[in-house]
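Remember, the numbering used here sits 293 above the position in the sequence shown when you count from 1. Ideal Cβ placement from N, Cα and C applies to all residues, glycine included. Encoded as structure tokens, the structure appears first; notes follow it.
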Amino acid sequence: MASLYDLDPETRELLTLETFLKQITVKEFVEGLTADHTIQESNGQGDAINPKPYIRTFEASLEALARISAELNSREQKIRQDARQADAAHQKTTAITEAQCHELTNQFADLDLLVSEVASTTTSLGEAVDLVSRQRNRAASSQFIIKCYISFLENDPTVVENMRTGSFEDQRQCAITVRQLLRISRKINNIPRAAVARENIEKYAEMVERELLKTFDKAYRSADMNSMKAVAEILTEFNGGVSVIQIFVNQHDFFIMKDKLLHESMIDDDNLWQKLCDPTCEDPPFDTATKELLDEIRMTVKKESLIIKRVFRHPDSVLRVFLQRLFAQTIQQRIELILSQAKSISTLAYLRTLQNAHSAIGSLVEDLKAILKPDLDTGGGLSMLLDQNMQDLFVPYIENRQYIDAEKRNLQELGNTMLARFNNYHMGRKAMKNHKLLNRLGTVKGRERWAKGKNTTT
Numbered sequence: 294m295a296s297l298y299d300l301d302p303e304t305r306e307l308l309t310l311e312t313f314l315k316q317i318t319v320k321e322f323v324e325g326l327t328a329d330h331t332i333q334e335s336n337g338q339g340d341a342i343n344p345k346p347y348i349r350t351f352e353a354s355l356e357a358l359a360r361i362s363a364e365l366n367s368r369e370q371k372i373r374q375d376a377r378q379a380d381a382a383h384q385k386t387t388a389i390t391e392a393q394c395h396e397l398t399n400q401f402a403d404l405d406l407l408v409s410e411v412a413s414t415t416t417s418l419g420e421a422v423d424l425v426s427r428q429r430n431r432a433a434s435s436q437f438i439i440k441c442y443i444s445f446l447e448n449d450p451t452v453v454e455n456m457r458t459g460s461f462e463d464q465r466q467c468a469i470t471v472r473q474l475l476r477i478s479r480k481i482n483n484i485p486r487a488a489v490a491r492e493n494i495e496k497y498a499e500m501v502e503r504e505l506l507k508t509f510d511k512a513y514r515s516a517d518m519n520s521m522k523a524v525a526e527i528l529t530e531f532n533g534g535v536s537v538i539q540i541f542v543n544q545h546d547f548f549i550m551k552d553k554l555l556h557e558s559m560i561d562d563d564n565l566w567q568k569l570c571d572p573t574c575e576d577p578p579f580d581t582a583t584k585e586l587l588d589e590i591r592m593t594v595k596k597e598s599l600i601i602k603r604v605f606r607h608p609d610s611v612l613r614v615f616l617q618r619l620f621a622q623t624i625q626q627r628i629e630l631i632l633s634q635a636k637s638i639s640t641l642a643y644l645r646t647l648q649n650a651h652s653a654i655g656s657l658v659e660d661l662k663a664i665l666k667p668d669l670d671t672g673g674g675l676s677m678l679l680d681q682n683m684q685d686l687f688v689p690y691i692e693n694r695q696y697i698d699a700e701k702r703n704l705q706e707l708g709n710t711m712l713a714r715f716n717n718y719h720m721g722r723k724a725m726k727n728h729k730l731l732n733r734l735g736t737v738k739g740r741e742r743w744a745k746g747k748n749t750t751t
């Protein structure tokens with residue numbers, strides 16, 4: 294039988310596992326086996342095909358293919374065995390890992406429960422510590438308050454005075470202490486000299502408030518916003534901030550200067566009143582001084598709202614007092630002044646001034662709303678206050694049919710004035726006609742006398 298080694302190198306290379314791994318077709322494989330014999334037959338002299346070389350080659354090829362098949366079967370069996378062993382090892386590993394995961398989950402649950410118990414215990418302990426700390430602070434505070442009360446009982450408030458003359462934080466603590474002492478002194482009546490201590494504490498509280506207000510006013514004059522804010526906070530802790538709001542509003546330069554101007558101002562613009570009294574004037578003017586006052590109010594509110602927002606803890610409360618003072622004092626006094634002057638001149642001037650004042654103040658209210666809304670009037674309370682103040686400002690002039698009666702009176706006056714002009718005009722014309730008639734009669738009689746005299750002479 295032919296051997297593989299009897300084959301040529303090309304055929305031996307064709308009969309390897311690598312050839313079949315290349316996915317060679319049957320036709321290509323057979324052509325490769327017989328390629329050498331086909332070439333030799335084509336180079337020979339005879340025309341007949343010699344089958345022996347093909348037979349030997351095919352026999353050797355079959356033997357080689359059988360060995361390759363056996364080798365492949367052996368490899369396949371080994372791979373299958375290795376795969377079964379790997380699968381068994383994997384299943385074993387998976388089971389072990391699953392058991393470990395389950396155990397780890399149980400351990401984590403136990404640990405979580407333990408942590409929860411520790412956290413609960415720690416929270417309880419923390420609450421207990423906080424409670425003890427608060428009690429300790431309360432006890433220390435009570436001890437300090439008692440010490441301060443005894444010092445006022447002995448008329449020697451050195452401890453509190455040291456705080457009052459210290460930093461702003463010390464002054465804040467002083468204000469809180471004095472407030473507590475005031476509350477306590479009003480409840481203690483059953484110990485000797487309690488009335489003396491209460492009187493000393495009240496006097497000292499007045500002095501503390503007075504000095505703080507002086508400090509606030511001084512800081513305002515020097516535009517020291519930080520000091521103003523610090524003092525305002527202290528007084529808010531002391532009495533709710535009522536006194537500092539009052540001094541900020543009442544001692545404001547705008548109100549002091551405008552009060553003098555309102556009392557000293559005189560309305561002597563004859564041209565203004567002539568136009569207001571003229572029914573043919575289509576666009577009656579408004580008092581220039583009042584318009585300037587309203588413009589200054591706009592600028593003042595815009596400027597002061599920034600200061601109030603920066604200084605006070607509750608700026609809307611301060612603005613409420615400030616705006617009420619503007620309407621109830623400055624604007625109302627000016628409106629009363631010009632309306633009184635207008636009413637003394639004529640009803641038409643009074644009604645036109647009232648209408649101009651209502652329009653100008655309505656425009657002022659809308660401008661103030663626009664100034665306050667972005668930051669200071671978030672809830673709309675200040676806008677409602679402005680509307681209410683404007684309404685209250687004009688109620689005295691329209692209630693109980695006052696406005697309608699004034700309109701009726703104005704129509705009567707205008708009608709009487711026009712009728713008087715009409716009567717005067719016609720009376721003048723009638724008098725002129727009578728005068729012309731008399732002149733005419735006088736001329737006729739003169740001619741007659743002249744003619745009579747001429748005839749007599751002749």
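On the three-pair Cβ rule with 8 angstroms, is the stretch 526 to 540 touching the stretch 569 to 581? In short, these stretches do not touch, since the Cβ pair count stays below three.
Verify whether the separation of the beta carbon atoms of Leu686 and Ile590 is less than 9 angstroms. The residue given as residue 686 occupies position 393 in the sequence shown. The residue given as residue 590 occupies position 297 in the sequence shown. For Leu686 and Ile590, no; Cβs fall outside 9 angstroms.
Following the continuous alpha helix (DSSP H) through Ala663, name the residue where it begins and the one where it ends. Counting from 1 along the sequence shown, the entry for residue 663 is found at position 370. Unbroken alpha helix (DSSP H) run through Ala663: Thr640 to Leu665.
Assign Ala432 to buried or exposed, taking buried as 16 or more other Cβ atoms, counted over all protein chains shown, within 10 Å of its Cβ. Counted from its first residue, the sequence shown places residue 432 at position 139. Classification of Ala432: exposed, given that the 10 Å Cβ count is below 16.
Taking a contact to mean a Cβ-Cβ separation below 9 angstroms, would you say Lys602 touches Leu679 in this structure? Here residue 602 refers to the residue found at position 309 when the sequence shown is read from its first residue. Here residue 679 refers to the residue found at position 386 when the sequence shown is read from its first residue. Not in contact: Lys602 and Leu679 (Cβ atoms no closer than 9 angstroms).
Compare the C-alpha of Ala523 against each of Leu505, Asn532, Phe620 and Ser515 and name the closest. If you number the sequence shown from 1, residue 523 lands on position 230. Looking at the Cα atoms, Leu505 is the closest of the given residues.
Contacting residues, own chain, Cβ-Cβ under 6 angstroms from Pro302 (five flanking each side not counted): In the sequence shown, the residue the question calls residue 302 occupies position 9. Closer than 6 angstroms at the Cβ level, and outside the excluded window around Pro302, lies no residue.
If I measure Cβ to Cβ from Ala512 and keep anything under 7 angstroms in the same chain, skipping five residues before and after, which residues do I get? Counting from 1 along the sequence shown, the entry for residue 512 is found at position 219. Counting only Cβ-Cβ distances below 7 angstroms, and skipping sequence neighbours, we find Ser520, Met521 and Val524.
Decide if Ala635 is buried, meaning its Cβ has at least 16 other Cβ atoms within 10 Å, or exposed. Taking the sequence shown and counting its residues from 1, one reaches residue 635 at position 342. Flag for Ala635 reads buried.
Under three-state DSSP, which class holds His607? Mapped onto the sequence shown, residue 607 falls at position 314. Coil, per DSSP.
Just confirm the distance between the C-beta atoms of Arg465 and Glu420, as a whole number of angstroms; I'd bet it's less than 8 angstroms. Residue 465 sits at position 172 when you count from the first residue of the sequence shown. Residue 420 sits at position 127 when you count from the first residue of the sequence shown. Cβ-Cβ separation between Arg465 and Glu420: approximately 29 angstroms, too far for a contact (criterion under 8 angstroms).
Does Leu307 come out as helix, strand or coil in the three-state DSSP assignment? Position 14 of the sequence shown, counted from the start, is the residue given in the question as residue 307. Of the three classes helix, strand and coil, the one that applies to Leu307 here is helix, per DSSP.
Excluding five sequence neighbours on each side, which residues of the same chain lie with their C-beta closer than 7 angstroms to the C-beta of Leu647? Against the sequence shown, residue 647 aligns to sequence position 354. Leu632 and Tyr690.
What is the DSSP secondary structure of Asp423, reduced to helix, strand or coil? Mapped onto the sequence shown, residue 423 falls at position 130. Correct three-state label for Asp423: helix.
Select from Ser652, Glu502 and Lys666 the residue whose C-alpha is nearest the C-alpha of Asp609. In the sequence shown, the residue the question calls residue 609 occupies position 316. Minimum Cα distance to Asp609 is reached at Lys666.
Asp375, DSSP secondary structure in three states: One-based indexing of the sequence shown puts residue 375 at position 82. Asp375 falls in the helix class under three-state DSSP.
Below 8 angstroms, how does it come out for the stretch 453 to 473 and the stretch 404 to 418: are there three or more Cβ pairs, yes or no? no
Please identify the residue among Glu502, Met500 and Leu446 whose C-alpha is closest to the C-alpha of Ile484. For the purposes of this step, residue 484 is taken as the residue at position 191 of the sequence shown. When each option's Cα is compared against that of Ile484, the closest is Leu446.
Under 9 angstroms between the Cβ atoms of Ala621 and Asn693? Within the sequence shown, residue 621 is the residue found at index 328, counting from 1. Within the sequence shown, residue 693 is the residue found at index 400, counting from 1. It is not a contact, given that the beta carbons lie outside the stated cut-off.
Just verifying my parser: in three-state terms, what is the DSSP assignment at Cys574? Counting from 1 along the sequence shown, the entry for residue 574 is found at position 281. Of the three classes helix, strand and coil, the one that applies to Cys574 here is coil, per DSSP.
Go ahead and pull the three-state DSSP assignment for Lys584. Walking along the sequence shown from the start, residue 584 turns up at place 291. DSSP places Lys584 in helix when its eight states are reduced to three.
Run through DSSP, which three-state label would Thr312 get? For the purposes of this step, residue 312 is taken as residue 19 along the sequence shown, with counting starting at 1. If DSSP states are grouped into helix, strand and coil, Thr312 belongs with the helices.
Answer with buried or exposed for Met456, where buried requires no fewer than 16 other C-beta atoms within 10 angstroms of its C-beta. Your numbering for residue 456 matches position 163 in the sequence shown. The residue is buried, with at least 16 neighbouring Cβ atoms inside 10 Å.
Cβ pair Ile494, Tyr442 closer than 9 angstroms: Counting from 1 along the sequence shown, the entry for residue 494 is found at position 201. Counting from 1 along the sequence shown, the entry for residue 442 is found at position 149. Taking 9 angstroms as the Cβ cut-off, Ile494 and Tyr442 qualify as a contacting pair.
In this structure, does DSSP put Thr671 in helix, strand or coil? Taking the first residue of the sequence shown as position 1, residue 671 is located at position 378. Three-state result, Thr671: coil.
Could you compute how far the alpha carbon of Ile361 sits from the alpha carbon of Gln378? As a first step, residue 361 is located in the sequence shown; it is residue number 68 there, counting from the start. As a first step, residue 378 is located in the sequence shown; it is residue number 85 there, counting from the start. Looking at the two C-alpha atoms, the distance is approximately 26 angstroms.
Indicate the three-state DSSP secondary structure (helix, strand or coil) for Ile590 in the structure shown. The sequence position of residue 590 within the sequence shown is 297, counting from 1. Looking at Ile590 - three-state DSSP - the assignment turns out to be helix.
Could you compute how far the alpha carbon of Val604 sits from the alpha carbon of Ala653? If you number the sequence shown from 1, residue 604 lands on position 311. If you number the sequence shown from 1, residue 653 lands on position 360. Between Val604 and Ala653, the C-alpha separation is close to 31 angstroms.
With 16 as the cutoff for other CB atoms within 10 Å, does Pro344 come out buried or exposed? The residue given as residue 344 occupies position 51 in the sequence shown. Pro344 comes out exposed.
Contact belief for Val594 with Leu661 at Cβ below 8 angstroms, rounded distance in angstroms: In the sequence shown, the residue the question calls residue 594 occupies position 301. In the sequence shown, the residue the question calls residue 661 occupies position 368. Contact holds; Cβ gap of about 6 angstroms.
Do you know how far the Cα of Gln374 is from the Cα of Ala359? To locate residue 359, count along the sequence shown from 1; it is residue 66. To locate residue 374, count along the sequence shown from 1; it is residue 81. The straight-line gap from Cα to Cα measures roughly 23 angstroms.
Start and end of the alpha helix (DSSP H) containing Ala516? As a first step, residue 516 is located in the sequence shown; it is residue number 223 there, counting from the start. Taken as a continuous stretch (DSSP letters only), Ala516 belongs to no alpha helix (DSSP H), as it is neither H nor E.
Taking all protein chains shown into account, do 16 or more other C-beta atoms lie within 10 angstroms of the C-beta of Asp563, making it buried, or fewer, making it exposed? Numbered from its first residue, the sequence shown carries residue 563 at position 270. Its Cβ having fewer than 16 others within 10 Å, Asp563 is exposed.
Between the CA atoms of Val501 and Ala468 - distance to the nearest angstrom: In the sequence shown, residue 468 corresponds to position 175, counting from 1. In the sequence shown, residue 501 corresponds to position 208, counting from 1. Going by the C-alpha atoms only, they are around 8 angstroms apart.
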